[in-house]
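Residue numbers (my numbering), protein chains in the order written: chain A, 1459 to 1667; chain B, 1459 to 1667.
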DNA sequence: TAGTGTGAAATCTTTCACAGCA
DNA sequence: TGCTGTGAAAGATTTCACACTA
């Protein structure tokens, strides 16, 4: 791997820059400054330059960045130069919604499997995928090259599912269940609606004149 | 407002502690140590104690914390001692999934309105709410006491919807669209699937032996 | 001249380590 | 004795400010 380690806080912003660059490019902005990019992403221009400096230096002093080149640099830094197989476990309302959400950033992420344990769900179709019983997970993951698992199960079984994903060799998990997962090696990112609402609730607190 | 300002990083963890405490309580753990709580939330025990110290001191040296009392303290710090009205704008797959997701942390958050502009959606029901045209937003927000808006629209209209939410006096927005919103005063939290996947993708990069 | 790249300062966050108390 | 509460140290992140250069 050529690239140096990028600080986590910067990594988390790279997708935002990438999206903004794609938008700017589609608006015909071939060259952009850190200032413009910063405005789009709601951050400070110095932060943009610092973040981009971790990818190497690709700007031109007095001019700015070539949006196409910079976009490509970010894609490379993020490893978005290849495809990723994704499975979703737990095909309730949320899982089904994510399954049909096809415009996953630059189409590098492909949902290749949907799993549930509810007999009523098994065999139903979403797009061109059929919901399969969770017992098929291990074999399917081995056959297709799956690297990311999304957990949209009820909270009670999320930990157990995480374990199964890890046992299949999956190293990255996106957890929509309310619980905090414990994993051996897998990287986990947690997305939870009620947590987000509670955080917003805190900031509403003092806000009230 | 009695409470001191809590650092953002701590605020973001309080909902996790709260959820863990509720679980521990339901397991019959009336008293818990920072160590136990830390394990549940996957953080360091000193961090738990530091975070809790911002709420005032409620532990007993040599013993630990009373999980019921501590839970209540966290609820108060987060402002979860009253109800919050929530509206969802954009009733596609994701919006509909969130609308039917009723167990919003401790039931303090109540969805009171669903909006869309697609004539085919207007008038359909989810649970006991009917999807209404977005043009009713302002009047509805004024009538019910709505404080939080969730945006699950297509990216292209998210900014415009954010503006409308702000114009109605909403000060907190949860944004599921891919774009970064620009607001005058409203606090925004952004949740985006493709961003999360891209971040996970980065950590898969170097990981590969 | 306009805008990058980056040391250095400022700020925020985490972790350590231990005094103090039930 | 066991665990909290917290100063102080370490580490990470953000921001400033300016040398540099196309």
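Every residue gets a Cβ at the ideal spot worked out from N, C-alpha and C, and that includes glycine.
Review point. If residue 1573(A) and residue 1545(A) are in contact, beta carbons under 8 Å, what's the gap, nearest whole angstrom?
Key: About 6 Å separates the two Cβ atoms, so the contact holds.
Practice item. Taking 8 Å as the cut-off, decide whether the C-beta atoms of residue 1525(B) and residue 1507(B) are in contact. Key: Going by beta carbons, residue 1525(B) and residue 1507(B) fall outside the 8 Å limit.
Review point. Would residue 1605(A) count as contacting chain B if we go by Cβ distances under 8 Å?
Key: Any Cβ of chain B closer than 8 Å to the Cβ of residue 1605(A) would place that residue at the interface, and such an atom is present.
Review point. So residue 1643(A) is in the beta strand (DSSP E); what residue range does that whole segment cover?
Key: Following the DSSP letters along the chain, one finds residue 1643(A) in no beta strand (DSSP E), marked with neither H nor E.
Review point. From what residue to what residue does the beta strand (DSSP E) around residue 1633(A) run?
Key: Run containing residue 1633(A): 1630-1633, per the beta strand (DSSP E) assignment.
Exercise for review: Assign residue 1511(B) to buried or exposed, taking buried as 16 or more other Cβ atoms, counted over all protein chains shown, within 10 Å of its Cβ.
Suggested key: Residue burial annotation: residue 1511(B) is exposed, with fewer than 16 other C-beta atoms found within 10 angstroms of its C-beta.
Review point. Which chain B residues sit within Cβ distance under 9 Å of residue 1602(A)?
Key: Residues of chain B passing the Cβ test: none, with the nearest at roughly 16 Å.
Point to revise | residue 1470(B) vs residue 1606(A) beta-carbon contact at 8 Å | key: No, the Cβ-Cβ distance between residue 1470(B) and residue 1606(A) is not below 8 Å.
**Study point:** Within-8 Å CB hit, residue 1475(A) to chain B
**Key:** It does not; no Cβ of chain B falls within 8 Å.
Practice item. Please name the residue in 1552(A), 1503(A) and 1483(A) whose C-alpha comes closest to that of residue 1527(A). Key: Ranking 1552(A), 1503(A) and 1483(A) by Cα distance to residue 1527(A) puts 1483(A) first.
Review point. Start and end of the alpha helix (DSSP H) containing residue 1658(B)?
Key: From DSSP, the alpha helix (DSSP H) with residue 1658(B) extends over 1651-1663.
Point to revise | Close-in-space but distant-in-sequence residues of the same chain around residue 1628(A) (CB under 6 Å, 5 per side omitted) | key: The beta carbon of residue 1628(A) sits closer than 6 Å to the beta carbons of 1607 from its chain, once the five residues preceding and following it are set aside; these are given in chain order.
Review point. What's the call for residue 1633(A), buried or exposed, on a 16-neighbour Cβ count within 10 Å?
Key: Label assigned to residue 1633(A): buried.
Practice item. Determine the contact status of residue 1557(B) and residue 1585(B), defining contact as a CB-CB distance below 8 Å. Key: Cβ atoms of residue 1557(B) and residue 1585(B): closer than 8 Å.
Review point. Beta-carbon of residue 1654(B) versus every beta-carbon of chain A: anything under 8 Å?
Key: At least one chain A Cβ lies under 8 Å of residue 1654(B).
Point to revise | Minimum C-alpha distance to residue 1649(B) - residue among 1468(A), 1473(A), 1462(A) and 1465(A) | key: Relative to the Cα of residue 1649(B), the nearest Cα in the group 1468(A), 1473(A), 1462(A) and 1465(A) belongs to 1473(A).
Practice item. Assign residue 1590(A) to one of two classes, buried (16 or more other C-beta atoms within 10 Å of its C-beta) or exposed (fewer than that). Key: The C-beta of residue 1590(A) has 16 or more other C-beta atoms within 10 Å across all chains shown, which makes the residue buried.
**Study point:** Within chain A, partners of residue 1479(B) - CB distance below 7 Å
**Key:** The contacting residues do not exist; residue 1479(B) stays about 12 Å from chain A at best.
Review point. Less than 8 Å separating the beta-carbons of residue 1575(B) and residue 1592(B)?
Key: Closer than 8 Å, so yes.
Point to revise | Between the CA atoms of residue 1481(B) and residue 1490(B) - distance to the nearest angstrom | key: Their Cα atoms are separated by approximately 12 Å.
**Study point:** Partners in chain A for residue 1484(B), counting only beta-carbon separations shorter than 9 Å
**Key:** Those within 9 Å of residue 1484(B) in chain A number zero; the least Cβ separation is about 12 Å.
Check your understanding: Which residues in the same chain have their Cβ closer than 6 Å to the Cβ of residue 1464(A), if we skip the five residues on either side of it in sequence?
Key -> 1512.
Point to revise | residue 1597(B), buried or exposed, once every other Cβ within 10 Å from all chains shown has been counted against 16 | key: Exposed: under 16 other Cβ atoms inside 10 Å.
Practice item. Ignore the nearest five residues each way along the sequence and tell me which others in residue 1647(B)'s own chain have a CB closer than 6 Å to its CB. Key: Around residue 1647(B): 1632.
Review point. What separation, rounded to the nearest whole angstrom, lies between the Cα atoms of residue 1577(B) and residue 1567(B)?
Key: Rounded to the nearest angstrom, the two C-alpha atoms are 28 Å apart.
Check your understanding: What is the DSSP secondary structure of residue 1501(A), reduced to helix, strand or coil?
Key -> Here residue 1501(A) sits in coil by DSSP.
Review point. In whole angstroms, what is the alpha-carbon distance linking residue 1661(B) and residue 1645(A)?
Key: Spanning the alpha carbons of residue 1661(B) and residue 1645(A) requires a straight line of approximately 8 Å.
Review point. Taking 8 Å as the CB-CB limit, is residue 1500(B) close to chain A?
Key: Answer yes: the Cβ-Cβ gap between residue 1500(B) and chain A drops below 8 Å somewhere.
Practice item. Would you mind working out which of 1538(B), 1554(B), 1582(B) and 1581(B) sits nearest residue 1654(A), comparing C-alpha positions? Key: Taking only the C-alpha atoms, the option nearest residue 1654(A) is 1538(B).
Review point. With a cut-off of 8 Å, does the C-beta of residue 1542(B) fall near any C-beta of chain A?
Key: The Cβ of residue 1542(B) sits closer than 8 Å to at least one Cβ of chain A.
Point to revise | Own chain, CB closer than 8 Å to residue 1552(B), minus 5 neighbours either side, in chain order | key: If we look at residue 1552(B) and ignore the five residues flanking it on each side, its Cβ neighbours are 1610 and 1634.
Point to revise | Residues near residue 1618(B) in its chain [Cβ-Cβ closer than 7 Å; skip 5 each side] | key: Cβ contact annotation for residue 1618(B) (same chain, cutoff 7 Å, sequence separation greater than five): none.
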